[in-house]
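Enquirer: I am attaching a structure below and will ask some questions about it afterwards.
Number of protein chains: 2
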Amino acid sequence: MRTTSCHLMFSSMLLAFSATASNENFTINSNNELQLLSADEYRLWVYVGTPLTPNDMNNGKAAFPEFHNVYIDPESFAHYEKTGEFPDGTILVKELVSVGPKAAVSGQGYFQGEFIGLEATIKSKNYFPNEPGHWAYFSFTSPESRKLNPMAKAFSTESCNTCHAAAAQDDFVFTQYYPVLRDHKGKKK
Amino acid sequence: MRTTSCHLMFSSMLLAFSATASNENFTINSNNELQLLSADEYRLWVYVGTPLTPNDMNNGKAAFPEFHNVYIDPESFAHYEKTGEFPDGTILVKELVSVGPKAAVSGQGYFQGEFIGLEATIKSKNYFPNEPGHWAYFSFTSPESRKLNPMAKAFSTESCNTCHAAAAQDDFVFTQYYPVLRDHKGKKK
Chain A
4 MRTTSCHLMF SSMLLAFSAT ASNENFTINS NNELQLLSAD EYRLWVYVGT
54 PLTPNDMNNG KAAFPEFHNV YIDPESFAHY EKTGEFPDGT ILVKELVSVG
104 PKAAVSGQGY FQGEFIGLEA TIKSKNYFPN EPGHWAYFSF TSPESRKLNP
154 MAKAFSTESC NTCHAAAAQD DFVFTQYYPV LRDHKGKKK
Chain B
4 MRTTSCHLMF SSMLLAFSAT ASNENFTINS NNELQLLSAD EYRLWVYVGT
54 PLTPNDMNNG KAAFPEFHNV YIDPESFAHY EKTGEFPDGT ILVKELVSVG
104 PKAAVSGQGY FQGEFIGLEA TIKSKNYFPN EPGHWAYFSF TSPESRKLNP
154 MAKAFSTESC NTCHAAAAQD DFVFTQYYPV LRDHKGKKK
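Going down the list, the protein sequences come from chains A and B. Going from the first sequence to the numbering used here is simple: count from 1 and add 3. Going from the second sequence to the numbering used here is simple: count from 1 and add 3.
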């Protein structure tokens, strides 16, 4: 069943988002692992915002010391515009980018350095029936290694989901920090 | 001639980037003014990076106190991947987003607030034959007013172009702060 679903997914992508049986922009294998996402694909998705909590503002020990550039797959973005809700099959990608220079001709500040990590969250009743809101969270990298792993297992519910449930504004997503999502929520209802 | 060019441009967009005579993702009128860009369109373009030079890191008087979310039109991005150069007709859009909250469950930092401005730069030998590199710079808003104007005149060369010429890494574009452009430059040569 999953193999069929994956084939449908790739067909859907090749057809440039024409209507198909699946709106999934990701592949999950029979071990419930997420397959590595291609930067050539998700960098063409819809950018939603960039939170920044650098080490030098967190006593040198930030939990998330990088720029987080966040994208949503275009089909789920279109659905969010039409309904104000994240559909089943939504995927949000978070690229981790190091803090680069702290000064430029434009002034003192924070400037993006290099890509150092890749994470994602997926809403799927089919794959994650027991996760709150059906959201699961993944990382293809670790703070110790910037190497992209070919597969990622979902984190435990406590690792990510609990905090998202408590503090995220809209269905486990921190839309309070993503101005594009706030601006487009239900805009085409 | 310009009217014809604009019609071609719109046809090209409707055809979802199929090959046409024009790759222009903008409209310039007979007074050389740039027509207001639609957020529903450019937010689907390719995101390249977000510089941040907030007031509180610049003695309360930053020249650019907002987050700058920068996008490039997808046809020019594809050309940049193939050749490593920005084609004639390139447009980069800069959305200005206010500094919002400075703390979240993830730590102390900078979080994006609301949209407060819109700027753009265009490379065109046809429209801007006398500008260095054929790049012209526009703003649809001013620091005094967040209202989006329906048209924008190009700034004088001294206002923007001179600094870009002196300090930008790649053909007047600050790619040193745009990791996506650095990573994809000539990637598909």
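Virtual Cβ for every residue (Gly too), placed ideally from N, Cα, C. In this text the structure is predicted, and so the values were computed from the model without any measurement.
Hey, how far is the Cα of A:Ala-171 from the Cα of A:Ser-142?
Expert: About 19 Å.
Enquirer: State yes or no: is the C-beta of A:Val-102 within less than 7 Å of the C-beta of A:Pro-135?
Expert: No, they are not a contact pair.
Enquirer: Does DSSP classify A:Ala-24 as helix, strand or coil?
Expert: No answer about A:Ala-24 holds up, because its pLDDT of 41 lies below 50 and its placement is not dependable.
Enquirer: Which value, in whole angstroms, describes the spacing of the CA atoms of B:Glu-69 and A:Asn-28?
Expert: Roughly 32 Å between the two C-alpha positions.
Enquirer: Give the single residue among A:Asp-173, A:Pro-54, A:Asp-174 and A:Thr-160 whose Cα lies nearest to the Cα of B:Lys-105.
Expert: The candidate whose alpha carbon is nearest that of B:Lys-105 is A:Pro-54.
Enquirer: Under 8 Å between beta-carbons, which chain B residues line up against A:Tyr-180? List them in chain order, please.
Expert: Those are Gly-103, Pro-104, Ala-107, Phe-114 and Gln-115, listed as they occur along chain B.
Enquirer: Once DSSP output is grouped into helix, strand and coil, what is the label at B:Leu-95?
Expert: Strand, per DSSP.
Enquirer: Can you say whether A:Asn-72 is buried or exposed, counting buried as having 16 or more other CB atoms within 10 angstroms of its CB?
Expert: Classification of A:Asn-72: buried, given that the 10 Å Cβ count is 16 or more.
Enquirer: Enumerate in chain order the residues of its own chain whose CB-to-CB distance from B:Phe-89 is below 7 Å, with the five nearest sequence positions on each side excluded.
Expert: Cβ within range, chain order: Ser-79, Tyr-83, Lys-126, Asp-174 and Val-176.
Enquirer: Can you find a C-beta in chain A that's less than 7 Å from the C-beta of B:Gly-52?
Expert: Yes - at least one Cβ of chain A is within 7 Å of the one on B:Gly-52.
Enquirer: Using a Cβ-Cβ cut-off of less than 8 Å, give me the residues of the segment 55 to 81 of chain A that come near chain B, in sequence order.
Expert: Here the close residues are Leu-55, Thr-56, Pro-57, Met-60, Asn-61, Ala-65, Ala-66, Phe-67, Phe-70, Asn-72, Tyr-74 and Pro-77.
Enquirer: Can you pull out the residues from the segment 153 to 168 of chain A whose beta carbon lies closer than 8 Å to at least one beta carbon of chain B?
Expert: The residues in question are Cys-166.
Enquirer: In the DSSP assignment, find the alpha helix (DSSP H) that holds B:Ser-79 and state where it starts and stops.
Expert: 77 to 86 is the extent of the alpha helix (DSSP H) around B:Ser-79.
Enquirer: Excluding the 5 residues preceding and the 5 following B:Tyr-113 in the sequence, name in chain order all residues of the same chain whose CB lies nearer than 7 Å to its CB.
Expert: Result list for B:Tyr-113: Leu-55, Pro-57, Val-102 and Lys-105, in chain order.
Enquirer: Any idea what DSSP makes of A:Ala-1, helix, strand or coil?
Expert: Nothing about residue 1 of chain A can be read from this structure; chain A reaches only from 4 to 192.
Enquirer: Looking only at its chain, what residues have a beta carbon closer than 7 Å to the beta carbon of B:Gly-116, apart from the 5 residues adjacent to it on each side?
Expert: If we look at B:Gly-116 and ignore the five residues flanking it on each side, its Cβ neighbours are Val-100, Ser-101, Val-102 and Gly-103.
Enquirer: Tell me which same chain residues have a C-beta within less than 7 Å of the C-beta of A:Pro-182, skipping the five on either side of it?
Expert: So the list reads Gly-52, once near-sequence residues are dropped.
Enquirer: Classify A:Glu-117 as helix, strand or coil using the three-state DSSP reduction.
Expert: DSSP places A:Glu-117 in strand when its eight states are reduced to three.
Enquirer: Quick one: is B:Val-176 near chain A, going by C-beta distance under 7 Å?
Expert: Output row for B:Val-176: interface = no.
Enquirer: Would you verify that the beta carbon of B:Val-96 is, or is not, closer than 7 Å to some beta carbon of chain A?
Expert: Not an interface residue.
Enquirer: Residues of chain B with CB under 8 Å from A:Gly-189, in chain order?
Expert: The premise fails here: A:Gly-189 is roughly 14 Å from chain B at the closest Cβ pair, so nothing lies under 8 Å.
Enquirer: Closest to B:Ala-42 by C-alpha separation, out of B:Thr-86, B:Ala-168, B:Phe-118 and B:Lys-128, would be which residue?
Expert: Of the candidates B:Thr-86, B:Ala-168, B:Phe-118 and B:Lys-128, the one whose C-alpha sits nearest the C-alpha of B:Ala-42 is B:Phe-118.
Enquirer: Would you say B:Gly-110 lies against chain A (beta-carbon separation less than 7 Å)?
Expert: Yes, its Cβ sits closer than 7 Å to a Cβ of chain A.
Enquirer: Quick check on B:Leu-184 - is its C-beta less than 7 Å from some C-beta in chain A?
Expert: Answer no: the Cβ-Cβ gap between B:Leu-184 and chain A never drops below 7 Å.
Enquirer: Can you check which of these residues, A:Ala-107, A:Tyr-74 and A:Lys-85, is closest to A:Ile-94 by C-alpha distance?
Expert: Ranking the options by Cα distance to A:Ile-94, first place goes to A:Tyr-74.
Enquirer: Under 9 Å between beta-carbons, which chain B residues line up against A:Arg-149? List them in chain order, please.
Expert: Within chain B, no residue comes near A:Arg-149; the closest Cβ sits about 13 Å away, beyond 9 Å.
Enquirer: Does B:Gln-179 come out as helix, strand or coil in the three-state DSSP assignment?
Expert: Three-state DSSP puts B:Gln-179 in a helix.
Enquirer: Is A:Leu-170 close to chain B, meaning its C-beta is less than 7 Å from at least one C-beta of that chain?
Expert: Before going further, note that residue 170 of chain A is Ala rather than Leu in the sequence given. It does; some Cβ of chain B falls within 7 Å.
Enquirer: For a contact meaning CB atoms closer than 9 Å, what does B:Phe-143 contact in chain A?
Expert: The contacting residues do not exist; B:Phe-143 stays about 16 Å from chain A at best.
Enquirer: Rounding to the nearest angstrom, what Cα-Cα distance links A:Glu-36 and B:Arg-185 in this structure?
Expert: Those two C-alpha atoms are separated by around 30 Å.
Enquirer: Quick check: the Cα distance between A:Tyr-130 and A:Trp-48, rounded to an integer number of angstroms?
Expert: The alpha-carbon atoms of A:Tyr-130 and A:Trp-48 are separated by roughly 22 Å.
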